[in-house]
Amino acid sequence: MIEQPERLWDYDAVEPGQSGSPIVVTITKEDISWFALVAQNISSHFRPSDRCEDEEWPSQEWHTQEWPPSAMPTMVLTYAPLLQEEIAEANGFVALEWSSTARRQTPFAKCEIRWSRGVMAGDTITSTRRVLEKYTRRGSRFVTFRVEATNQDGEEVAQYDYTCIFDYAKDRKATPEEKGKNRPSPPSTQRTRYSWEAIREVGDPLSLLRIQASQENINEKDAFRLAGRQNPINIYNDEEFARQSILGGPVVSGPAAMSYVDQMLLQNFTLGSFHGGRLLLRAIEPFRPGDTVTFQGEVTFWGEPTATQPWEGFESSQRVIECRIKGINQRGDLVNVSDATLILLGP
């Protein structure tokens, strides 16, 4: 029997409108905490308290478990995953990352998430995914996918546009030999949260966040999933394969980088500020194992209060905030740039 050649889902085979099957995920309290753990988020809001349920000590009151009520905003990339390979399979192709004859990566370029409401433990999320567009820019070829997520009540939770590099016109990225020691200086005034009452100026600094990447943490993040299969060979968990990619070595994933920006913003704004907001992250240089990246930012727009739609007889106001965040590594390289729009609710 003659073995049929693979139908590779390369740039020429990708067409806008191609889609995969809906994915349904029910989110547990453990999922929320584990996501925060692999995102290196040590905030008490997303981890269980020290009072843990223990089968050996069921009668002890201090063993009662307390769990976070809601998920980190960027967890949408996990409970409503992209799953390129499933779109490819649904249309009769093999994704490049899963090819047995011509395996290669289509790395992260950028992603924009737009949130409508929060997600809590017990929610059941249905997500759909499709090819939104493909385009060429400066010789490189890109494909953008759209993923939309709704909850068990049919309400939109979030949607995101995720862009991958299918063909890269430039040379392979070089892996730096020196780790470097330079770190950006922290802003002169460290803040905790921006409040509704405090009128701020454009240019006001945000509290920064430093993240050190390790191969162990990269592997943990890659392995944590609520749907789809883990690829055993990719640019996150296989050093030899990663060296042959356009990035020249293992890297932190785009979704992981977004979870760090999410965490940094939560040091400055409330979780509810994301609802109705957006986050766009663009990758500039690889974020590699051993790197320490400092996420620092500033307010770029502080809107005037506007009235919101009355709800159950009550009226309130909202204020739109825009921020620019830069991720800078210990060598002083710009690793990524993010733009965030957040909504502050007031009286």
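Taking the working numbering, the leading residue of the sequence shown gets 7, the next gets one more, and so forth.
Beta carbons: idealized from backbone N, C-alpha and C, even for Gly.
Predicted, not measured: the structure shown is a model, and the values here were computed from it.
On the DSSP bridge list, what partners appear for residue i?
i: tyrosine 166; result: Ile119, Val153
i: asparagine 223; result: None, per the DSSP bridge assignment.
i: isoleucine 349; result: Val326
i: lysine 332; result: Gln302, Val343
i: glutamine 218; result: Thr298
i: arginine 147; result: Thr142, Asp173
i: proline 211; result: Glu304
i: serine 25; result: Arg136
i: threonine 32; result: Thr130
i: alanine 356; result: The requested residue 356 is not part of the displayed model; the chain covers only 7 to 353.
i: leucine 14; result: Val100
When the Cα of residue i is compared with those of the options, which residue comes out closest?
i: glycine 23; options: Ile93, Phe301, Asp244, Ala101; result: Ile93
i: asparagine 157; options: Leu138, Lys140, Arg123, Arg136; result: Arg123
i: valine 208; options: Pro238, Pro79, Arg330, Phe52; result: Arg330
i: valine 326; options: Gly309, Thr80, Glu95; result: Gly309
i: arginine 143; options: Gly160, Tyr174, Tyr166; result: Tyr174
i: leucine 43; options: Gly338, Tyr266, Ala19; result: Tyr266
i: serine 146; options: Gly254, Ile171, Pro75, Leu138; result: Ile171
i: valine 20; options: Ala262, Phe293, Val100; result: Val100
i: aspartate 244; options: Gln46, Arg288, Arg110; result: Arg110
i: serine 213; options: Arg231, Asn223, Asn274; result: Asn274
i: serine 27; options: Ser50, Glu12, Pro11, Gln90; result: Gln90
i: glycine 352; options: Gly338, Val341, Val343, Thr314; result: Thr314
i: glutamate 95; options: Phe114, Val125, Arg136; result: Arg136
i: proline 113; options: Gly98, Phe151, Asn97, Glu36; result: Phe151
i: leucine 272; options: Ser322, Pro295, Leu215, Asn240; result: Leu215
i: aspartate 210; options: Leu232, Glu304, Val125, Trp40; result: Glu304
i: lysine 277; options: Val125, Arg288, Gln236, Glu36; result: Residue identity check: residue 277 is leucine in the sequence provided, not lysine. For the residues Val125, Arg288, Gln236, Glu36, the minimum Cα distance to leucine 277 belongs to Val125.
i: asparagine 47; options: Gln269, Glu12, Pro295, Leu138; result: Gln269
i: proline 11; options: His51, Ser49, Gly98, Ser50; result: Gly98
i: tryptophan 40; options: Phe230, Ile224, Glu139; result: Phe230
i: glutamate 139; options: Ser25, Pro75, Ser322; result: Ser25
i: lysine 176; options: Gly254, Pro238, Pro261, Gly160; result: Gly254
i: phenylalanine 293; options: Glu36, Glu328, Asn223, Leu232; result: Asn223
i: alanine 45; options: Gly234, Asn225, Glu246; result: Asn225
i: glutamate 36; options: Glu246, Pro261, Leu232, Arg288; result: Leu232
i: proline 261; options: Glu328, Ala248, Arg288, Asn237; result: Arg288
i: tyrosine 166; options: Gly160, Val153, Asp159; result: Val153
i: phenylalanine 280; options: Glu328, Gly160, Ser50; result: Glu328
Look at the Cβ atom of residue i, then the Cβ atom of residue j, and state whether they are nearer than 8 Å.
i: glutamate 242; j: valine 149; result: Strictly speaking, residue 242 in this sequence is tyrosine, with glutamate absent from that position. The answer is no: Cβ separation not under 8 Å.
i: lysine 227; j: serine 259; result: yes
i: threonine 306; j: glutamine 324; result: no
i: alanine 127; j: valine 82; result: no
i: threonine 84; j: methionine 264; result: no
i: alanine 86; j: isoleucine 38; result: no
i: proline 256; j: glutamine 221; result: yes
i: leucine 88; j: tyrosine 168; result: yes
i: leucine 14; j: alanine 164; result: no
i: glutamate 291; j: valine 343; result: no
Could you confirm whether any beta carbon from chain C is found closer than 8 Å to the beta carbon of residue i?
i: asparagine 335; result: No chain C appears in this structure, which consists of one protein chain only.
key: Ranges of the beta strand (DSSP E) found wholly within the region 240-293, counting only runs of at least 3   = As far as the region 240-293 is concerned, its whole beta strand (DSSP E) runs of at least 3 residues are 284-289.
| What are the uninterrupted segments assigned as alpha helix (DSSP H) that are 4 or more residues long and contained completely in the region 64-142, given in chain order? | Here the runs fully enclosed are 82-85, 90-96.
message = So, does the region 336-351 touch the region 282-291, judging by three or more C-beta pairs under 8 Å?
response = With the rule of 3 Cβ pairs closer than 8 Å, the region 336-351 counts as touching the region 282-291.
Between the region 24-34 and the region 111-120, can you find at least three pairs of beta-carbon atoms closer than 8 Å? Because the criterion of three Cβ pairs below 8 Å is not met, the region 111-120 and the region 24-34 do not touch.
Between the region 330-346 and the region 294-302, do three or more beta carbon pairs fall short of 8 Å?
The answer is yes - the region 294-302 touches the region 330-346, with three or more Cβ pairs under 8 Å.
Inter-stretch contact at 8 Å, needing at least 3 Cβ pairs: the region 92-111 / the region 123-133: As far as the Cβ criterion goes, the region 92-111 does not touch the region 123-133, which means the pair count is below three.
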